[in-house]
Structure formats: C-alpha cells, structure tokens
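These notes concern the structure reproduced below.
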Amino acid sequence: MTATTLQAPTGLVTHDLEGHDNVYPKEPQMELAGPDAGWGFHARAEKLNGRLAMLGFIAAIATELISSEGLLHTIGL
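For the sequence shown, my numbering assigns the number 74 to the initial residue and increments by one for each residue that follows.
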C-alpha cells in the first residue's frame with residue numbers, strides 16, 4: 074500500500090494542535106482574468122451580468138403590471 078502526498082502551495086497548509094495537516098484552510102486569492110479573456114471574472118462580464126439582471130427585473134415588473142398577478146402566480150408557483 075502506498076501513501077500519496079498532496080503538494081499544496083506554500084502558505085496554505087496549516088496544522089492543528091494534534092499535528093494534522095489542514096490543506097487550504099484559507100481561501101486562495103481570486104485572480105481576475107484579463108479583459109480579452111473569454112471566461113472569468115472581469116469588468117466586462119460583471120457589467121453584462123448586472124445589465125441582464127436589471128433587464129430581468131424590469132421584465133418581471135412589467136409582467137406583473139400587465140397580468141395584474143404576481144410573477145410566481147403567473148408561472149404557476
């Protein structure tokens with residue numbers, strides 16, 4: 074039987090009082106993607122997400138005003 078060891082980045086491994094390793098007790102720092110990246114957290118994606126959320130909110134309010142019922146009632150919930 075062989076034991077494998079996990080190679081964790083330095084500074085992310087801590088030890089408890091019994092000496093056991095605790096890998097990743099601290100969350101690694103989030104790295105922002107460049108503006109030309111297709112995926113990831115960057116200003117362009119966050120602005121698009123916010124704008125789409127605002128459109129969805131306005132569409133929900135318009136649906137409630139037009140149907141004179143709540144959105145959840147309209148969709149059957």
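Cβ atoms here follow ideal geometry from the backbone N, Cα and C, with glycine treated the same way. None of the values given here were measured: they were computed from a predicted structure.
Item, Value
"Below 7 angstroms CB to CB, which residues in the same chain sit around GLU104 once its five sequence neighbours on both sides are set aside?", "none"
"Under 8 angstroms, do ALA133 and LEU150 count as touching if we go by C-beta distance?", "no"
"How many angstroms separate the CA atom of ARG117 from the CA atom of GLU137?", "31 angstroms"
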